[in-house]
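Enquirer: Residue numbers (my numbering): 4 to 154. Structure incoming, see below.
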Amino acid sequence: MSSKARVLGMGMMLTLAAVLLTSAMGAAQGGALQVTVTYQGSGGVGPNNAIWLSVWDTADIPPDGSVLPIGNARVVENGGTVTVTGLAASTVYLTALYDEQGGWTGRTAVPSGTPAGVYSPNAYGAPGPIAVVAGETVEVEFGFTDAFRMP
């Protein structure tokens, strides 16, 4: 290997290390959201029929996928609890999908007819803001049904 290639390789390794360290520091400095989620519709929750949680920094979540969530988690037990860490936003919003058909990986468009819910302290009201503070964990209980389905 030439010395130029070694220098280039070392530079790339140092850049990657800096990116990873910065990401880890950002995650440590952000807030955390601990969610206990319960699906109250028909069908059981398990490894093949998981609940997918998404955390957003806006209440305006367009259906076209032009805005991405700032955090995600997969829950494989009804009433299960997960923690999403490294949240830099001071206010977040929470949505859930139930993988009724099974096998959805979250890497493709949400299947039409998928049961979905939005966290709202007022039951079926507007998306409810959740205040997040750096270095702290906020606990939320979130239940949803199959009353609303993705178009």
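All C-beta atoms, glycine included, are put in the ideal place defined by N, C-alpha and C.
Please return the same chain residues whose Cβ sits closer than 8 Å to the Cβ of residue 48, not counting the five positions on each side in sequence.
Expert: Counted from its first residue, the sequence shown places residue 48 at position 45. Around residue 48: 42, 54, 78, 79, 80, 81, 83, 101.
Enquirer: Start and end of the beta strand (DSSP E) containing residue 140?
Expert: If you number the sequence shown from 1, residue 140 lands on position 137. Looking at the DSSP string, the run of the beta strand (DSSP E) that includes residue 140 is 140 to 147.
Enquirer: Just checking my contact of residue 98 with residue 64 at CB under 8 Å: how many whole Å lie between their CB atoms?
Expert: In the sequence shown, the residue the question calls residue 98 occupies position 95. In the sequence shown, the residue the question calls residue 64 occupies position 61. Contact flag correct, Cβ pair sits at about 7 Å.
Enquirer: Assuming residue 36 and residue 86 are in contact, meaning their beta carbons sit under 8 Å apart, how far apart are those beta carbons, in whole angstroms?
Expert: Taking the sequence shown and counting its residues from 1, the one referred to as residue 36 is at position 33. Taking the sequence shown and counting its residues from 1, the one referred to as residue 86 is at position 83. Rounded, the Cβ-Cβ distance is 7 Å, consistent with contact.
Enquirer: Could you compute how far the alpha carbon of residue 52 sits from the alpha carbon of residue 133?
Expert: Your numbering for residue 52 matches position 49 in the sequence shown. Your numbering for residue 133 matches position 130 in the sequence shown. Answer to the nearest angstrom: the Cα atoms are 27 Å apart.
Enquirer: Tell me the start and end of each unbroken beta strand (DSSP E) in the stretch 64 to 93 that is at least 3 residues and wholly inside, in chain order.
Expert: 74 to 78, 84 to 90
Enquirer: Determine the burial state of residue 154: buried for a count of at least 16 other Cβ atoms within 10 Å of its Cβ, exposed for fewer.
Expert: Position 151 of the sequence shown holds residue 154. Its Cβ having fewer than 16 others within 10 Å, residue 154 is exposed.
Enquirer: Suppose you measure from the CA of residue 119 to the CA of residue 103; what does that come to, to the nearest Å?
Expert: Counted from its first residue, the sequence shown places residue 119 at position 116. Counted from its first residue, the sequence shown places residue 103 at position 100. If you take the alpha carbons of residue 119 and residue 103, they lie about 10 Å apart.
Enquirer: Taking its Cβ as the centre, do 16 or more other Cβ atoms sit within 10 Å of residue 76, making it buried, or is it exposed?
Expert: Translated into positions along the sequence shown, residue 76 becomes position 73. Per the 10 Å Cβ criterion, buried.
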